[in-house]
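Quick note: the sequence shown uses numbering that gives the first Met the number 0, first residue 0, plus one each step. A short write-up of the structure that comes next.
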Amino acid sequence: MPVVKLVLEYDGARYVGWQAQPNGPSIQAEVERALEALHKAPRKVTAAGRTDAGVHALGQVCSFWEAEPLPLKAYLQGMNALLPEDVAVRGASLEPQGFDARRSASGKRYRYRIENGPSRRPLSRRQAWQQFRPLDAGAMRDAAARLVGRHDFASFQAADCACAHAVRHLTRLDVLGERGGAIELVVEATAFVKHMVRNLAGTLVEVGLGRREPASMAGLLAARDRRLAGPTAPPQGLCLEEVFYGPRDAEAAGEDGD
Numbered sequence: 000m001p002v003v004k005l006v007l008e009y010d011g012a013r014y015v016g017w018q019a020q021p022n023g024p025s026i027q028a029e030v031e032r033a034l035e036a037l038h039k040a041p042r043k044v045t046a047a048g049r050t051d052a053g054v055h056a057l058g059q060v061c062s063f064w065e066a067e068p069l070p071l072k073a074y075l076q077g078m079n080a081l082l083p084e085d086v087a088v089r090g091a092s093l094e095p096q097g098f099d100a101r102r103s104a105s106g107k108r109y110r111y112r113i114e115n116g117p118s119r120r121p122l123s124r125r126q127a128w129q130q131f132r133p134l135d136a137g138a139m140r141d142a143a144a145r146l147v148g149r150h151d152f153a154s155f156q157a158a159d160c161a162c163a164h165a166v167r168h169l170t171r172l173d174v175l176g177e178r179g180g181a182i183e184l185v186v187e188a189t190a191f192v193k194h195m196v197r198n199l200a201g202t203l204v205e206v207g208l209g210r211r212e213p214a215s216m217a218g219l220l221a222a223r224d225r226r227l228a229g230p231t232a233p234p235q236g237l238c239l240e241e242v243f244y245g246p247r248d249a250e251a252a253g254e255d256g257d
């Protein structure tokens with residue numbers, strides 16, 4: 000049976016997250032509602048990652064089986080006419096049987112945005128973490144470089160993470176920009192533990208504020224103790240930029256965590 004793959008963009012500010020929940024609107028519920036209207040029957044989708052409340056996406060991917068797929072333009076034009084203005088389908092394709100948005104993914108790229116100006120910025124408050132004290136971007140880059148590679152990231156996972164282990168391969172952690180302006184963390188890995196990106200961001204901001212030394216990252220990794228790392232950065236600065244599909248990695252189907 001063929002599989003329909005959708006690439007989604009959304010502003011997560013008013014949603015409880017990707018996953019359908021009884022306590023508020025979700026991206027999944029909106030997508031499935033639009034698909035039901037198109038197909039005249041319920042459809043359930045699988046996402047590449049379960050983004051949390053307030054987290055955005057530029058390249059979220061979801062998939063579902065469909066015995067008789069509609070023309071691809073129906074998933075673009077038709078769904079975009081049915082979806083709310085803060086959710087859109089950016090691309091649609093047919094994939095071979097066995098494709099799964101989550102299990103077939105070989106990696107993801109997230110971007111975390113920090114506004115480091117002297118005062119608050121009303122227009123970016125829903126897309127960035129606003130930090131008013133100057134951040135030492137050079138020290139943050141030094142610390143970030145020490146976290147790249149295959150490590151046990153238990154110190155950076157949420158306390159309620161359901162993963163069997165926290166060993167992940169972090170392939171990229173760039174710190175772009177300078178103090179006084181926009182600073183962005185670009186993070187790529189084969190898989191993530193829950194809240195890993197936001198916990199990395201919170202820890203690197205502490206480095207930027209001079210509360211931690213870049214050399215302390217090795218000790219944090221070795222400790223495998225969440226209590227020793229920095230705070231969980233707020234969700235609005237985080238965006239799932241792209242999901243990669245290609246040669247499978249043994250850990251690529253692990254639980255995603257933003």
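Here a beta-carbon is modelled for each residue, glycine too, at the ideal position from N, C-alpha and C.
Worksheet entry | tyrosine 14, DSSP secondary structure in three states | If DSSP states are grouped into helix, strand and coil, tyrosine 14 belongs with coil.
Worksheet item: Is the CB-CB distance between valine 6 and tryptophan 64 below 7 Å?
Response: The Cβ atoms of valine 6 and tryptophan 64 do not sit closer than 7 Å to each other.
Worksheet entry | Rounded straight-line distance, which links the Cα of glutamine 129 to that of arginine 120 | About 8 Å.
Worksheet item: Is the beta carbon of serine 154 sitting closer than 7 Å to the one on aspartate 51?
Response: Serine 154 places its beta carbon 7 Å or farther from that of aspartate 51.
Discussion item. By the DSSP assignment, the beta strand (DSSP E) with glutamine 59 in it spans what residues?
Written reply: For glutamine 59, the enclosing beta strand (DSSP E) starts and ends at 55-64.
Practice prompt. Name, in chain order, the residues that DSSP records as bridge partners for glycine 150.
Written response: Looking at the sequence provided, one finds histidine at residue 150 rather than glycine. Partner(s): Arg167.
Discussion item. Let me check one thing: in DSSP terms, what residues is valine 206 bridge-paired to?
Written reply: Here valine 206 is not bridged, per DSSP, to any residue.
Worksheet item: Which value, in whole angstroms, describes the spacing of the CA atoms of glycine 209 and alanine 73?
Response: Roughly 52 Å separates the two Cα atoms.
Worksheet item: Going along the chain, which unbroken runs of the alpha helix (DSSP H) with 4 or more residues stay wholly within the segment 209-249?
Response: Qualifying alpha helix (DSSP H) stretches, in chain order: 216-222.
Worksheet item: Which residue from Ala136, Arg110, Asp141 and Ala143 puts its Cα closest to that of alanine 127?
Response: Minimum Cα distance to alanine 127 is reached at Arg110.
Worksheet item: Beta-carbon separation of valine 60 and alanine 100 under 7 Å?
Response: Taking the C-beta atoms as reference points, alanine 100 is found nearer than 7 Å to valine 60.
Worksheet entry | Proximity below 7 Å, CB of tryptophan 17 to CB of arginine 49 | Yes, they are a contact pair.
Discussion item. Helix, strand or coil, according to DSSP, for arginine 145 in the structure here?
Written reply: The answer is coil: DSSP assigns arginine 145 none of H, G, I, E or B.
Worksheet item: Rounded to a whole number of angstroms, what is the C-alpha to C-alpha distance between valine 30 and aspartate 151?
Response: Near 35 Å, if we compare the C-alpha coordinates of aspartate 151 and valine 30.
Worksheet entry | CA nearest to the CA of isoleucine 113, picked from Cys238, Arg145 and Cys162 | Sorting Cys238, Arg145 and Cys162 by C-alpha distance to the C-alpha of isoleucine 113 places Cys238 at the top.
Practice prompt. Whole angstroms is fine: what's the gap from alanine 104's alpha carbon to valine 192's?
Written response: Across the structure, alanine 104 and valine 192 are spaced so that their CA atoms are roughly 15 Å apart.
Worksheet entry | Helix, strand or coil at leucine 93 according to DSSP, with G and I counted as helix | The answer is strand: DSSP assigns leucine 93 an E or B state.
Practice prompt. Could you please give the first and the last residue of the uninterrupted alpha helix (DSSP H) stretch that includes alanine 28?
Written response: Its alpha helix (DSSP H) spans residues 26-38.
Fill in: Collapsed DSSP secondary structure at lysine 4 in the structure displayed
Looking at lysine 4 - three-state DSSP - the assignment turns out to be strand.
Discussion item. Out of Leu69, Leu57 and Arg226, which one is the CA nearest neighbour of leucine 37?
Written reply: Closest by alpha carbon: Leu69.
Worksheet entry | Buried versus exposed, by CB contacts within 10 Å (16 or more), histidine 55 | By the Cβ neighbour-count rule, histidine 55 is buried, with 16 or more other Cβ atoms within 10 Å of its own.
Worksheet entry | Cβ-based burial, arginine 167 [other Cβ within 10 Å; buried from 16] | Its Cβ being crowded by 16 or more others within 10 Å, arginine 167 is buried.
Worksheet item: Could you give the residue range of the beta strand (DSSP E) that holds alanine 181?
Response: From DSSP, the beta strand (DSSP E) with alanine 181 extends over 181-188.
Worksheet item: What residue range is occupied by the uninterrupted alpha helix (DSSP H) comprising alanine 104?
Response: Not the alpha helix (DSSP H): alanine 104 falls in the beta strand (DSSP E), residues 104-114.
Fill in: Beta-carbon gap between leucine 134 and arginine 178 smaller than 7 Å
Going by C-beta atoms, leucine 134 is nearer than 7 Å to arginine 178.
Worksheet item: CB-CB under 6 Å to glutamate 67, same chain, minus the five flanking residues each way: which ones, in chain order?
Response: Shown here for glutamate 67: not one same chain residue has a beta carbon closer than 6 Å to its own, the five before and five after excluded.
Worksheet item: With 16 as the cutoff for other CB atoms within 10 Å, does serine 62 come out buried or exposed?
Response: Buried is the call here.
Worksheet item: In its own chain, which residues sit with a C-beta less than 7 Å from the C-beta of arginine 247, not counting the 5 before and 5 after it?
Response: With a pLDDT of 49 at arginine 247, under the threshold of 50, the predicted position of this residue should be treated as unreliable, though the coordinate-derived value follows. Here the set comprises Ser105.
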